[in-house]
Amino acid sequence: MGRWVLGAFLLLAGISHLSWNREAFLAQVPQWLPLDGDLVVIASGLVEITLGGALLALPRWRVPVGWVVAVFFLAVFPGNISQFVTGTDSFGLNSDLSRGIRLAFQPLLVLWALWSTGAWRDRRDWRGFPGSRTSQTH
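Here the sequence shown is numbered in the working numbering, starting from 537 and rising by one per residue.
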């Protein structure tokens, strides 16, 4: 169930990047990023649509997709930090407190991706992963 909700969440977020929330997402792109802000918003929206679709349509690949989603959530975290540091109002986050609370939720999204896909549980089964059964036998 958690994987389905996360997949739907990512699909909706991705679609909103390309439509009704485009300006709000553009406000979160850090000024120091040497890329066109609109391109970043479009690209991240397309990535979210792809990842959301993969979570919903590719259950066999849920574990690697879970890791990719977790890395994606980490990759966009600087945008949330930038929003907090610069005091940028976006998505109704118009105070340091609300932007700080939003920052606290980003690690929870990472954990949600790892938990709902079984990625965290299955990490020890990866060949060569430090501490895995297969790395100790080879």
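Note that the Cβ used here is the ideal one computed from N, Cα and C, for glycine as well.
- For the pair of segments examined, the region 545 to 553 was found to touch the region 579 to 587: the number of CB pairs separated by less than 8 Å reaches three.
- Under the DSSP assignment, ASN616 falls in the alpha helix (DSSP H) whose first and last residues are 613 to 622.
- Straight-line spacing of the CA atoms in VAL576 and TRP540 works out to 26 Å.
- For GLY543, the enclosing alpha helix (DSSP H) has its first and last residue at 538 to 554.
- With a 10 Å radius around the Cβ and a threshold of 16 neighbouring Cβ atoms, ARG657 comes out exposed.
- Note: SER626 is bridge-paired with LEU629 in the DSSP secondary-structure output.
- In the DSSP annotation of this structure, the continuous segment of the alpha helix (DSSP H) that includes THR586 starts and ends at 573 to 593.
- In summary, GLN567 is exposed, with fewer than 16 beta-carbon neighbours lying within 10 Å of its beta-carbon over all protein chains present.
- Nearest C-alpha to ASN630 among THR653, GLN564, ALA611, PRO643: GLN564.
- By the beta-carbon neighbour count (other beta carbons within 10 angstroms, threshold 16), TRP556 is exposed.
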